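Trainee:
2 protein chains.
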Amino acid sequence: MRTPKQSSAIADVSTETRIRTAARQLFVQKGFTATTTRDIAAAAGCNVALVNYYYRSKQDLFATVMIEHLRAFMMGMRDMVNDTSTSLEQKITSFVDAYITMLQANPDLLIFILSEIRRDPEALATQVGMKPILFESVLLQQLKRRIGRRRIDPMQYFMTLMAMTVFPFIAQPLLQAASGVTDESFHAMMEQRRALIPLWMTTLLDAKG
Amino acid sequence: MRTPKQSSAIADVSTETRIRTAARQLFVQKGFTATTTRDIAAAAGCNVALVNYYYRSKQDLFATVMIEHLRAFMMGMRDMVNDTSTSLEQKITSFVDAYITMLQANPDLLIFILSEIRRDPEALATQVGMKPILFESVLLQQLKRRIGRRRIDPMQYFMTLMAMTVFPFIAQPLLQAASGVTDESFHAMMEQRRALIPLWMTTLLDAKG
DNA sequence: GTCTATACAAAGATAGAC
DNA sequence: GTCTATCTTTGTATAGAC
């Protein structure tokens, strides 16, 4: 008395999809190394060999899953940075807000992605389509126009914007361990930063570089 | 006709040290996952079992080697940030220089720190002695004096300094994958940043916050 | 204490039957 | 498409020589 197919809790979907779903949950929860193909197979209710059958390797499965995650966020970003009806300052504010909100909601996801991204950055970057967002956006055009003839490198400026927004979330655990800062005060610090970053970035724009 | 000991290129030192030396080279060169205990043993000219004999596990060996690196770096930092004979601007420049030089040489160290931060931030912070460097330095005193009565939060300022310096190394793999930036041009970008960061941080100091 | 040889288990990957 | 059986690599542990 046994069903030959779909013995898992996830039913009524193809094995391929069940594997992907199980993999996403496990990868986000435990990270790449700590997640085994046997874990994934068990959660998907199938044999170990099936994981390699559908996705050539654990590595490829991981890349597939992570690309799904990133792509959703990046598609929202793409619309925002290409909106011709908003000013550069408005875009910077929206940019900072979107990232801080996303990272406040998923604190683990960032370090997870960053630490595991070394494994195959090429697959992520190309398939998520970061190039147009980073290098062909209206935001970048507005930035170049604003900079004019002064010697500010747009890439350095953009890197600084990203850094000011994202880095605190990376440093958070260490900051809290070293200084005893609470979750609440860190949260308050990031809320304050929503206004501070646009202010400082504007200051840099108007200064000489 | 064979020597029972020290058949490796690294001679005249204890096996324990040879293992540590070989491990550091390989970890820095190939990363944690790609480096096997058998690689390390071969490079150290000893048996695989010796690696586990002296260091309980590959993970412990990695931690030992990397924490050595970090501690040495931080001790240098401590002297620098507490030098009463240098100005705030000089310290910022030295700070940026030291970090960029260190991270250019040891790209994997950063990933190690990030994953360790997640695993046990308390241990890392105390073992390396970050507290006095971050929160009791002459640098911080000079910063507070310089800020005076204006509404700049020293912590926000310091966080920004760290972010501008460290974040690019975190983003490097993704940046290179997305834009096709070569190792050389990334290196050049970071060299340019040695001057840019102190300039921008000084600009922020003199602006209103 | 040091070292060699070897065993063992876990995990990724593959071949071939059905 | 799916499964069983198997192979290979790799981290770890043990037994025993010197």
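Top line first, the protein sequences correspond to chains A and B. Per this note's numbering, the first sequence runs over residues 1 to 209. Per this note's numbering, the second sequence runs over residues 1 to 209. Where is the CB? At the ideal position from N, CA and C, for every residue including glycine. Computed from a prediction, not measured in an experiment: that's the story for all the values here.
(1) For B:V51 versus B:T33, is the C-beta spacing smaller than 8 Å?
(2) I think A:R194 touches A:D83, with their Cβ atoms under 8 Å apart; what is that distance to the nearest whole Å?
(3) Is there a C-beta anywhere in chain A that falls below 8 Å from the one on B:S137?
(4) Going by Cα to Cα distance, which pick from A:S179, A:M162, A:M80 is closest to A:P198?
(5) Along the chain, where does the alpha helix (DSSP H) that runs through B:Y53 open and close?
(6) Count the other C-beta atoms from every protein chain shown that fall within 10 angstroms of the C-beta of B:T3, then say buried if there are 16 or more, exposed otherwise.
(7) Would you verify that the beta carbon of B:E122 is, or is not, closer than 8 Å to some beta carbon of chain A?
(8) Figure out for me which residue from B:E122, B:G45, B:I111 has the closest Cα to the Cα of A:G180.
(9) Please report how far the alpha carbon of A:I170 lies from the alpha carbon of B:D60, in whole angstroms.
(10) Do you know whose CA, among B:M159, B:P168, B:Q176, B:P173, lies nearest A:P168's CA?
(11) Taking Cβ positions only, does B:Q104 come closer than 8 Å to chain A?
(12) Kindly indicate which residue of A:L204, A:Q90, A:Q172, A:F95 has the alpha-carbon position closest to the one of A:R150.
(13) What span of residues does the alpha helix (DSSP H) with B:R149 cover, start to end?
(14) To the nearest angstrom, report how far apart B:L139 and A:V166 are at their CA atoms.
(15) Please identify, using Cβ separations under 9 Å, the residues of the stretch 158-169 of chain A that lie next to chain B, in order along the chain.
(16) Interface residues of chain B around A:I117 at Cβ under 8 Å?
(17) What did DSSP end up calling A:A105 once you bin it into helix, strand or coil?
(18) Thinking C-alpha only, which one of B:Y157, B:A44, B:P173, B:T15 is nearest A:M201?
(19) So the candidates are B:L26, B:S87, B:Y53; which of them puts its Cα closest to the Cα of B:V65?
(20) Within this structure, are the beta carbons of B:T118 and A:P173 separated by less than 8 Å?
(21) Going by DSSP, what residue range makes up the alpha helix (DSSP H) through A:E184?
(22) Closer than 8 Å, Cβ to Cβ, to anything on chain A: give me those residues from the stretch 189-205 of chain B, in chain order.
(23) Would you call the stretch 40-58 of chain B in contact with the stretch 108-117 of chain B, where contact means no fewer than 3 C-beta pairs closer than 8 Å?
(24) Less than 8 Å between CB atoms is the rule here; does A:K131 satisfy it with respect to chain B?
(25) Taking Cβ positions only, does B:L61 come closer than 8 Å to chain A?
(26) Give, in chain order, every residue of the stretch 47-61 of chain A whose Cβ lies closer than 9 Å to some Cβ of chain B.
(27) When the cut-off is 8 Å and only beta carbons count, does B:Q156 lie next to chain A?
(28) Using beta carbons (cut-off 8 Å, strictly below), is A:L134 in contact with chain B?
(29) Give me the Cα-Cα distance between A:D79 and B:M77, rounded to the nearest whole angstrom.
(30) Out of A:T17, A:S57, A:E68, point me to the one whose CA is closest to A:A43's CA.
(31) For A:A207, go through chain B and note every residue whose CB falls closer than 7 Å to its CB, in chain order.
(32) Grab me the residues of A:M102's own chain with a C-beta within less than 8 Å of its C-beta, minus the 5 sequence neighbours each way, in chain order.
(33) Quick check: the Cα distance between B:V13 and B:I40, rounded to an integer number of angstroms?
(34) Near B:H187, which residues of its chain fall below 8 Å by C-beta distance, leaving aside the five closest residues on each side in sequence?
(35) With DSSP run on the structure shown, which of helix, strand or coil describes B:L15?
(36) Which value, in whole angstroms, describes the spacing of the CA atoms of A:A23 and A:C46?
Mentor: Here's the rundown:
(1) In the second sequence, counting from the first residue as 1, residue 51 of chain B sits at position 51. In the second sequence, counting from the first residue as 1, residue 33 of chain B sits at position 33. Taking 8 Å as the Cβ cut-off, B:V51 and B:T33 do not qualify as a contacting pair.
(2) The sequence position of residue 194 of chain A within the first sequence is 194, counting from 1. The sequence position of residue 83 of chain A within the first sequence is 83, counting from 1. A:R194 to A:D83, Cβ: 19 Å. No contact.
(3) Mapped onto the second sequence, residue 137 of chain B falls at position 137. False, the Cβ-Cβ gap to chain A never drops below 8 Å.
(4) Within the first sequence, residue 198 of chain A is the residue found at index 198, counting from 1. Checking every option, the nearest Cα to that of A:P198 belongs to A:M162.
(5) Mapped onto the second sequence, residue 53 of chain B falls at position 53. Looking at the DSSP string, the run of the alpha helix (DSSP H) that includes B:Y53 is 48-54.
(6) For this step, residue 3 of chain B is matched to residue 3 along the second sequence. Here B:T3 scores only 37 on pLDDT, less than 50, and its place in the model should not be relied on; the value that follows carries that caveat. So B:T3 counts as exposed.
(7) On the second sequence, residue 122 of chain B is found 122 positions in, with the first residue counted as 1. True, the Cβ-Cβ gap to chain A drops below 8 Å.
(8) Sequence index remark: in the first sequence, residue 180 of chain A carries index 180 (1-based). Selected option, being the one with the closest Cα: B:E122.
(9) Position 170 of the first sequence, counted from the start, is the residue given in the question as residue 170 of chain A. Position 60 of the second sequence, counted from the start, is the residue given in the question as residue 60 of chain B. Taking the straight line joining both Cα atoms gives about 23 Å.
(10) Counting from one through the first sequence, the residue named residue 168 of chain A turns up at place 168. That would be B:M159, whose Cα lies nearest to the Cα of A:P168.
(11) By one-based count along the second sequence, residue 104 of chain B stands at place 104. Judged by the 8 Å Cβ criterion, B:Q104 is not in contact with chain A.
(12) Counting from one through the first sequence, the residue named residue 150 of chain A turns up at place 150. When only C-alpha atoms are compared, the closest one is A:L204.
(13) The residue you call residue 149 of chain B lines up with position 149 of the second sequence. From DSSP, B:R149 is part of no alpha helix (DSSP H); its letter is neither H nor E.
(14) Position 139 of the second sequence, counting from 1, holds the residue named residue 139 of chain B. Position 166 of the first sequence, counting from 1, holds the residue named residue 166 of chain A. Whole-angstrom Cα-Cα distance: 24 Å.
(15) M159, T160, M162, A163, M164, T165, V166, F167, P168
(16) Translated into positions along the first sequence, residue 117 of chain A becomes position 117. What A:I117 touches in chain B: P173, L174.
(17) Your numbering for residue 105 of chain A matches position 105 in the first sequence. Correct three-state label for A:A105: helix.
(18) Looking up residue 201 of chain A in the first sequence gives position 201. For A:M201, the nearest C-alpha among the options comes from B:Y157.
(19) As a working note, residue 65 of chain B is residue 65 in the second sequence. Per the Cα distances, B:L26.
(20) Locating residue 118 of chain B in the second sequence gives position 118, counting from the first residue. Locating residue 173 of chain A in the first sequence gives position 173, counting from the first residue. Contrary to the premise, residue 118 of chain B reads as Arg rather than Thr in this sequence. Yes; because the gap between Cβ atoms is below 8 Å, this pair is in contact.
(21) Translated into positions along the first sequence, residue 184 of chain A becomes position 184. Its alpha helix (DSSP H) spans residues 183-206.
(22) M189, Q192, R193, L196, L199, W200, T203, L204
(23) no
(24) Taking the first residue of the first sequence as 1, we reach residue 131 of chain A at position 131. By this cut-off, A:K131 is an interface position.
(25) To locate residue 61 of chain B, count along the second sequence from 1; it is residue 61. It does not: the Cβ of B:L61 has no partner Cβ on chain A nearer than 8 Å.
(26) none
(27) Mapped onto the second sequence, residue 156 of chain B falls at position 156. Chain A contact via Cβ: present.
(28) Against the first sequence, residue 134 of chain A aligns to sequence position 134. With 8 Å as the cut-off, A:L134 counts as an interface residue toward chain B.
(29) Position 79 of the first sequence, counting from 1, holds the residue named residue 79 of chain A. Position 77 of the second sequence, counting from 1, holds the residue named residue 77 of chain B. C-alpha separation (whole angstroms): 43 Å.
(30) Position 43 of the first sequence holds residue 43 of chain A. Ranking A:T17, A:S57, A:E68 by Cα distance to A:A43 puts A:T17 first.
(31) Sequence index remark: in the first sequence, residue 207 of chain A carries index 207 (1-based). Per Cβ cutoff of 7 Å: T203.
(32) Reading the first sequence from its first residue, position 102 is the one you call residue 102 of chain A. Cβ neighbours of A:M102 beyond the five flanking positions: F73.
(33) Position 13 of the second sequence, counted from the first residue, corresponds to residue 13 of chain B. Position 40 of the second sequence, counted from the first residue, corresponds to residue 40 of chain B. Near 16 Å, if we compare the C-alpha coordinates of B:I40 and B:V13.
(34) Here residue 187 of chain B is taken as the residue at index 187 of the second sequence, counted from 1. Within the same chain, B:H187 has close Cβ partners Q104.
(35) For the purposes of this step, residue 15 of chain B is identified with residue 15 of the second sequence, where counting begins at 1. According to the sequence shown, residue 15 of chain B is Thr rather than Leu. Helix at B:T15.
(36) Translated into the one-based positions of the first sequence, residue 23 of chain A becomes position 23. Translated into the one-based positions of the first sequence, residue 46 of chain A becomes position 46. A:A23 and A:C46: Cα-Cα distance of roughly 12 Å.
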